[in-house]
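Counting from 1 along the sequence shown, just add 35 to a position and that's the residue number in the working numbering.
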Amino acid sequence: MTATTTESAKPPQRGFFGHPAGLGPLFFTEFWERVSYYGMRAILLFFMYHQLSEGGLGLDKGLAASLMSIYGASVYMSGVVGGWLADRIFGSRRAVLYGGVLIMMGHLVLSFPSGVGALYVSMLLITLGTGLLKPNVSTMVGGLYTANDPRRDSGFTLFVMGINLGAVLAPLLIGTLGQSVSYHVGFSVAAVGMAIGLVCYFLGRGRLADVGATANNPLTDDERARVYTRIVVGLLILVLAGIVLAMSGALTVELMINAISVLGILLPTSYFVVMLRSEKVTAVERSRVIAYIPLFVASLFFWMIEEQGSVVLADYADHRVDLHLFGLPLLSSWFQTLNPGFIVILAPVFATLWVRLGRRQPSTPVKFSLGLGFAGLSYLLMAVPALLYGPTDKVVPPLWLAASFLIVILGELCLSPVGLSATTKLAPTAFGAQMMSMWFLSDAAAQGISAQIVPLATPQHEVAYFGIVGGITVLLGVALYFLAPAIHRKMEGID
Ligand code: GLU
Ligand code: ASP
């Protein structure tokens with residue numbers, strides 16, 4: 036998916052903190068897109084299950100939690116489609132633009148008082164839009180540098196900082212307005228945020244030279260007819276199946292939730308089967324793909340807990356936490372700022388730590404096992420308050436929940452950056468671009484599974500819920516630690 040750029044059309048090589056000038060518009064586009072996404076997520080759960088009299092939709096709480104997870108799963112699954120469209124039809128440049136417009140429209144749909152139908156339309160628009168925007172804006176960052184430019188990694192670090200700075204601002208701005216004025220004002224500000232992102236993108240277009248301007252591997256004339264026919268036939272079958280199911284009364288939200296959960300598992304499984312059986316994959320590459328399987332499973336369990344931060348822990352903040360700190364009132368959405376906030380503060384500490392440790396630093400599989408261990412511990416910690424303060428009421432000190440967010444972030448900093456780079460390094464040449472989608476599919480599969488279990492996280496069952504999910508994750512982390520040397524050998528020379 037790397038954008039092809041000729042030397043003459045390389046963007047200006049200086050202009051953004053010592054990085055190519057084009058990093059500026061991409062950084063701010065993604066910053067504002069994440070403000071809109073995480074701002075919307077900071078209030079969406081409450082909007083869905085709060086009563087009509089409180090400005091919400093009055094949905095069942097378990098259903099609302101499943102919808103949050105399935106939405107997250109769909110957003111990361113649609114990246115597969117967005118990557119393909121950019122590679123073969125639009126080029127990344129236009130894909131990001133179209134994606135931004137769809138996202139803005141998705142937030143606008145919820146800006147006006149409306150019902151459940153509007154919610155689903157908004158979810159669909161934002162899923163499609165994010166699938167077009169998110170993978171492609173990252174690919175364009177890569178396209179600003181030559182393959183061996185030493186600034187490449189630090190360019191991505193800056194970009195990830197942009198993502199998390201956006202996620203810090205989101206709950207403070209949109210969460211506060213959404214909870215203290217009205218949810219619809221919150222969603223309108225999310226739309227304005229995406230609009231600002233689009234303006235940054237448009238104004239900065241000159242600094243991108245021809246990065247992502249055309250498809251890397253455009254459809255040939257022969258392929259075009261065949262592929263378009265398949266797409267049209269596929270869509271027709273989907274629409275017809277939808278109509279038949281709807282007419283027979285079987286097209287329920289529950290069916291959609293279950294279908295997306297199953298797809299979340301089937302999609303990466305079939306990718307693995309195709310890669311392992313492909314004749315284009317050499318023996319060494321096959322061994323690396325096998326090594327990637329346990330890492331994928333670890334990543335899945337990690338993101339399951341991490342992404343439940345905006346579902347299970349958001350609900351916990353709203354219903355179990357004493358929303359006062361040193362006598363001052365707190366809003367439940369503000370807890371969503373902790374995850375990205377800790378990342379912004381601690382990422383430089385971890386980067387320095389790995390550099391200091393140099394060759395003595397843990398191998399990739401060991402870092403993954405640390406990631407799992409911290410994620411599991413963050414949940415085990417949440418099993419304790421019910422034992423100390425009772426299982427109901429808003430009595431848990433806010434710092435308890437903050438500590439849980441801090442611990443999961445220690446895991447994220449062990450697993451997420453190395454996960455991204457291991458994904459690219461373990462990719463067979465013939466599957467370079469698809470392998471990147473696999474990384475996001477581990478997050479999608481995780482949220483697909485979450486959709487099935489999050490309704491169980493009720494105050495009556497919270498000790499069991501946090502205890503079992505946290506306990507299994509810690510045990511998997513320990514198992515991975517002992518398997519790490521064998522996995523490392525299978526990685527065939529990759530660290
Ligand atoms: N939280 C990250 C972001 O918003 C994505 C998580 C992932 O890498 O799966 O970009
Ligand atoms: N940590 C998430 C992502 O990197 C952001 C969030 O959940 O707020 O980057």
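Even glycine gets a Cβ: it sits at the ideal position worked out from N, Cα and C.
This structure is a prediction, so every number in the text was calculated from the model and none was measured.
With a cutoff of 7 Å, residue 338 counts as near the ligand GLU, since its C-beta is closer than that to a heavy atom of the ligand.
Here the C-alpha atom of residue 180 lies approximately 6 Å from the C-alpha atom of residue 187. In the DSSP assignment, residue 251 falls outside any alpha helix (DSSP H) and carries neither an H nor an E. A straight-line Cα-Cα distance of about 46 Å links residue 276 and residue 429. The three-state secondary structure of residue 364, taken from DSSP, is strand. Here residue 238 has 60 as same chain residues with Cβ atoms under 8 Å from its own Cβ, once five neighbours each way along the sequence are excluded. Around the beta carbon of residue 72, 16 or more other beta carbons lie within 10 angstroms, which makes this residue buried. As a beta-bridge residue in DSSP terms, residue 55 pairs with 50. Look at residue 456: its beta carbon is at least 7 Å from all of the heavy atoms in the ligand GLU.
Residue 68 is classed as buried because its beta carbon has at least 16 other beta carbons within 10 Å across all chains shown.
If you draw a straight line from the Cα of residue 332 to the Cα of residue 303, it comes to about 11 Å. The continuous stretches of alpha helix (DSSP H) do not include residue 125, and DSSP gives it neither H nor E. Look at residue 481: its beta carbon is at least 7 Å from all of the heavy atoms in the ligand ASP. Residues 166, 169, 170, 472 and 475 of the same chain have their beta carbon placed closer than 7 Å to that of residue 114, with the five preceding and five following residues left out of the count.
For residue 172, the closest of 117, 520 and 337 by C-alpha to C-alpha distance is 117. Non-local C-beta neighbours of residue 220 in its own chain, meaning closer than 6 Å and more than five positions away in sequence, comprise 212, ordered along the chain.
Minimum Cα-Cα distance from residue 382 among the listed residues 111, 448 and 346 corresponds to 448. Taking residue 290 as the centre and dropping the five residues before and after it, the same chain places the C-beta of 280 closer than 8 Å to its C-beta, in chain order. In this structure, the beta-carbon distance from residue 138 to residue 161 falls below 8 Å. With a threshold of 16 other beta carbon atoms within 10 Å, residue 517 falls short and is exposed. Each residue's CA atom was taken as its position, placing residue 132 and residue 446 some 34 Å apart. Secondary structure within the stretch 125-166: the alpha helix (DSSP H) runs of 4 or more consecutive residues, fully enclosed, are 127-144 (chain order).
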